[in-house]
Amino acid sequence: MTGTADPKRAAVLASIRQSLGRGEPSRDARRELDDRIRRHKPNLIPKRGRGSHAEQVERFVAMAESVAASVERLTRDTDVPAALAAYLRRHNLPMAVMLAPTDWLCDLPWDTQPMLTVNSGRAGDDDVVSLTPAFAGIAETGTLMMTSGAAHPTTLNFLPDHHVVAVRRSQIVGAYEDAWDRLRKERKNGRGFDLPRTVNMITGPSRTGDIELTIHLGAHGPRSLHILLIDDDPA
Amino acid sequence: MEFMQARKFKDNAREAMADRNLQSALAQLKGGFIPRRQEAADRLPEFDALRDRARELKDHVLANLDVYLETFEENCRAAGGQVHWCATAEDARAAILGICREAGARTVTKGKSMVAEEIHLNGFLERHGITPVETDLGEYIIQLAEEPPSHIIGPAVHKTKDQVSDLFLAHHRQYGKTVRQTEPGAIINEAREVLRQKYFDADVGITGANFLVAETGSTIIVTNEGNGDLTQTLPRTHIVVTSIEKVVPTLEDASTILRVLARSATGQDFSAYTTLSTGGRRDGDLDGPENFHVVLLDNGRSAMLGTEFQDMLRCIRCGACMNHCPVYHSVGGHSYGAVYVGPMGAVLTPSLEGIDDARHLPSASTFCGRCESVCPMRIPLPKMMRHWRERAYDSGASAAMERWGVDIWAWTARRPWLYEAGARLAVRLLKRLGRGRGRLRRLPLAGGWTRGRDFPVPEGRTFQEQWRARRRAARPAP
Ligand code: SF4
């Protein structure tokens, strides 16, 4: 099933080549296609994915709110514990949160919120609220990009009923392509770069249109998505 | 005999047109999808330019499909994934069964996958002692109803809320749910609760893929519910069932097509969840599948390259063509009797299964051109339907059908397209409705026949054979 000796692989490739009316592509032809991948040029980036950073931040907020995410602006990351506790109280939620096990979140002043039970790790079925970082926020559609890893288990993005995301202003980019560029840079290795097991692009809370085509929130994933936008980069 | 069949067809077609549930569901579809897509397109000034770029990009991929697939495989393997090349549906089923057996799987959860429908995976797994659980709400509904999907993105779009309430009441007693829920929110919540445990219990999670990225060896799914993500994150093994034309060179290329996909499909700017999966769980990861398999299906696609049907391989399964099709609006998806329905199905099905078996599908068109005008990949659907008609005519495959038309015409004069749609589609109805199972709970065109009994699925191919089987079955059960 792997390797070039697999007869089914050979049959599919041969059928493609026969239909295209050519044999194996030449080395030059392959190099050209490899180069196209290496250059990974953007095709067409819509205007709404461009503009000043300040504009992108405003667009990110507006777009996220348009898909039923809520956005709260904080001036310092040390405000996160109090903001989270207030959010839970506002929505009548249990005072407990499962944090993504990143130093950044775990080292916040949680002791200022004695009523709040704070754990970190992957999500289980009983976790009602998670707090995770994001890799980037993408303005053009109000999309959060999450990368999986030891510090960010994917289950935190999907199992809890309420997903709270802390993202810094400086992480907001205009277009999807800008986020890919950042990801390539951050995950550079000998072969070029590698992606984590999972990259989640999340745009609003879970929803379904499968009952009479009317959109309802909270299908299988989180019923609410709350974004804490932290001002590390005053405009 | 033929006169009888034609006359009987009229009764059935009349019943379909008079099926209030079906008609109200179809009316909702028309009123929902069309304006939403238009509004999404209007919000993005570059929408049409993006369609052009998406088309160019996919044409480039198809001209170099072998190389991009090899690159995808190389990068997928480098990330720890395995690629299983499959020439036929049978190869794909065997590959999936092999992986499931290796994983010791008893139950598998499934995200929505049209390729899984194409290879009739559920019935096959069941016959091999593995229980598939659909987790997309629409797929779950039709799995309970034992029906095939009637739409490529809204598989249960033919079901009214009341019908779903009844289905859930009948099937969820075993979970202690004995109240008939009628509010959409409560219905959705009940499915959420019932399915939650299934994600944890499953040994294998199967999803489809909207794209394969050659650059990174990743597969991409685009969903709204989050079921696909739970399906692929919680079990030990993740199988992606997909097909060869889904590859794109780079993340930038995927982004270009993503910009037209959701807007064309549901009128959203972007779906709630776009997820890239690359290999299995990494060192230190606290969750995610250990094993990652990509089952890569050809099933007739490579043979479409270099023919007048090559353009069909640009299709990204958005559903816009059926959402805008007057024939689909009137007869619904099941009438096509195929996995792929609407205009895209009318072109694709004969390509995948041969024109003899599907000769009537390309005639399910008024040639109004709306499908092509909304297709994000600018696929010339009416032109290709015409090609198929010519081929069917040349091969003599359509001769018998023409005779029925004469009789039906008198009744359908007010709706000439119905003759096209119905007469040629009904043939395939019974064969496909069974989805590889033996019995049907309900036939959309013959509710009266099945109200009180299940219906055995005929194996035959022609209308005549199927009809005889159906008449036999309609008599009191033996
Ligand atoms: S043919 Fe075009 S409109 Fe129809 S599903 Fe495919 S991409 Fe969408």
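From first to last, the protein sequence lines stand for chains A and B.
Residue 136 in my numbering is what sits at position 136 of the first sequence, and the numbering runs on without skipping anything.
Position in the second sequence (first residue = 1) + 1000 = my numbering.
Every residue gets a Cβ at the ideal spot worked out from N, C-alpha and C, and that includes glycine.
| query | Hey, is the region 1021-1030 of chain B in contact with the region 115-126 of chain A, meaning 3+ C-beta pairs nearer than 8 Å? | reply | Counting Cβ pairs under 8 Å, fewer than three are found: no touch.
| query | Identify the residues that DSSP records as bridge partners of A/Arg73: which are they? | reply | DSSP lists A/Leu229 as partners of A/Arg73.
| query | Taking C-alpha atoms, which residue in B/Ile1141, B/Pro1382 and B/Ala1358 lies nearest to B/Ser1165? | reply | A check of alpha carbon separations from B/Ser1165 across B/Ile1141, B/Pro1382 and B/Ala1358 identifies B/Ile1141 as the nearest.
| said: Just checking: is the beta-carbon of B/Lys1064 within a distance shorter than 8 Å of some beta-carbon in chain A? | reply: One detail in the question is off: residue 1064 of chain B reads as Asn in this sequence, not Lys. Under the Cβ distance rule, B/Asn1064 counts among the residues neighbouring chain A, one pair being separated by less than 8 Å.
| So which of B/Pro1149, B/Arg1051, B/Leu1065 and B/Arg1282 has the shortest CA-CA distance to A/Glu24? | Nearest C-alpha to A/Glu24: B/Leu1065.
| said: Need the endpoints of the beta strand (DSSP E) that A/Ala166 sits in, please. | reply: Counted as a single uninterrupted DSSP element, the beta strand (DSSP E) harbouring A/Ala166 occupies residues His162 to Arg168.
| Reduced DSSP secondary structure (H/G/I, E/B, other) of B/Ala1272 | Reduced to three states, the DSSP call for B/Ala1272 is coil.
| Assuming B/Val1108 contacts B/Ile1221 under a Cβ cut-off of 8 Å, what Cβ separation, rounded to an integer in Å, is found between them? | Not quite, the Cβ-Cβ distance comes to about 16 Å (not below 8 Å), so this is no contact.
| message | In the DSSP assignment, the alpha helix (DSSP H) including B/Leu1250 goes from what residue to what residue? | response | Position check: residue 1250 of chain B holds Thr in this sequence, whereas Leu was assumed. Counted as a single uninterrupted DSSP element, the stretch harbouring B/Thr1250 is not any alpha helix (DSSP H), since DSSP gives it neither H nor E.
| Which residues in the same chain as B/Ala1025 place their Cβ atom closer than 7 Å to its Cβ, once the five residues preceding and following it in sequence are excluded? | Its chain contains Val1157, His1158, Lys1159 and Thr1160 as the residues whose beta carbon lies nearer than 7 Å to that of B/Ala1025, once the 5 sequence neighbours on both sides are disregarded; these appear in chain order.
| request: Measure from the alpha carbon of B/Leu1069 to the alpha carbon of each residue in B/His1293, B/Lys1110, B/Val1247 and B/Ile1152, then state which is nearest. | output: The residue with the shortest Cα to Cα distance from B/Leu1069 is B/Val1247.
| task | Just mark A/Ser249 as buried or exposed, buried being the case when its beta carbon has 16 or more other beta carbons within 10 Å. | result | As shown, chain A starts at 1 and ends at 235. That puts residue 249 of chain A outside it, with no answer to give.
| Pairing CB atoms from the region 1262-1281 of chain B with CB atoms from the region 100-116 of chain A, are three or more of them under 8 Å? | No, the region 1262-1281 of chain B does not touch the region 100-116 of chain A.
| request: Give the DSSP-derived three-state secondary structure of B/Arg1051 in the structure shown. | output: If DSSP states are grouped into helix, strand and coil, B/Arg1051 belongs with the helices.
| message | Quick check on this structure: which residue in B/Val1294, B/His1387, B/His1329 and B/Pro1362 has the alpha carbon closest to the alpha carbon of B/Arg1093? | response | Here the closest residue by C-alpha is B/Val1294.
| said: Helix, strand or coil for B/Arg1106? Go by DSSP, reduced to three states. | reply: Three-state DSSP puts B/Arg1106 in coil, outside helix and strand.
| request: Using the DSSP secondary-structure output, state which residues sit across from B/Glu1134 in a beta bridge. | output: B/Lys1110.
| field | Cβ contact check for the region 39-53 of chain A and the region 1043-1062 of chain B: 3 or more pairs under 8 Å | value | At 8 Å Cβ cutoff, the stretches touch.
| said: Counting only beta-carbon separations shorter than 8 Å, does B/Gln1028 have a partner in chain A? | reply: Yes, B/Gln1028 counts as interfacial toward chain A.
| query | Any heavy atom of ligand 1 closer than 7 Å to the CB of B/Arg1525? | reply | The shown model of chain B, from 1001 to 1478, leaves out residue 1525 of chain B, and the question about it has no answer.
| Relative to the alpha-carbon of A/Cys93, which residue among A/Gly149, A/Val128, A/Thr214 and A/Ser26 has its alpha-carbon at the smallest distance? | Note that residue 93 of chain A is Leu in the sequence shown here, rather than Cys. Considering only alpha carbons, the answer is A/Val128.
| field | Proximal residues of chain A, C-beta to C-beta of B/Tyr1273 below 8 Å | value | Correct list: Asn200, Met201, Ile202, Thr203, Ser206 and Gly221.
| Cβ-heavy atom distance, B/Ser1363 to ligand 1, below 7 Å | Judged by the Cβ position, B/Ser1363 fails to qualify as a neighbour of ligand 1 at the 7 Å threshold, every heavy atom of the ligand being at least this far.
| request: Tell me, please, whether the region 1220-1239 of chain B touches the region 163-180 of chain A by the rule of three or more beta-carbon pairs shorter than 8 Å. | output: No: fewer than three Cβ pairs fall under 8 Å.
| task | Verify the contact flag: B/Val1115, CB atom, against every heavy atom of ligand 1, threshold strictly below 7 Å. | result | Result no, Cβ not under 7 Å from ligand 1.
| field | Straight-line gap, B/Arg1020 to B/Asp1162 (C-alpha atoms, nearest Å) | value | Note on geometry: alpha-carbon atoms of B/Arg1020 and B/Asp1162 lie some 12 Å from one another.
| task | Output, in sequence order along the chain, the residues in the region 120-138 of chain A whose CB is closer than 7 Å to any CB in chain B. | result | Correct list: Gly121, Arg122 and Asp125.
| Beta-carbon of B/Ser1330 versus every beta-carbon of chain A: anything under 8 Å? | Not an interface residue.
| task | Report the three-state DSSP secondary structure of B/Glu1126 (helix, strand or coil). | result | B/Glu1126: helix per DSSP, three-state reduction.
| Pair within 8 Å by beta-carbon distance, B/Leu1305 and A/Leu20 | Going by C-beta atoms, B/Leu1305 is nearer than 8 Å to A/Leu20.
| Start-end ranges of the alpha helix (DSSP H) lying completely within the region 44-116 of chain A, minimum 4 residues | Runs found: 53-66, 80-90 and 103-106.
| said: Is B/Ile1188 close to chain A? Criterion is C-beta to C-beta, closer than 8 Å. | reply: So, interface residue.
| request: Tell me whether A/Arg30 sits in a helix, a strand or coil according to DSSP, three-state version. | output: Reduced to three states, the DSSP call for A/Arg30 is helix.
| Under 8 Å, do B/Phe1200 and B/Leu1251 count as touching if we go by C-beta distance? | Taking 8 Å as the Cβ cut-off, B/Phe1200 and B/Leu1251 do not qualify as a contacting pair.
| said: Excluding the 5 residues flanking B/Thr1349 on each side, which residues of the same chain have their C-beta closer than 7 Å to its C-beta? | reply: Ala1338, Tyr1340, Ala1358 and Leu1361.
| task | Kindly indicate which residue of A/Leu144, A/Asp34 and A/Thr117 has the alpha-carbon position closest to the one of A/Arg169. | result | It is A/Leu144 whose Cα lies nearest to the Cα of A/Arg169.
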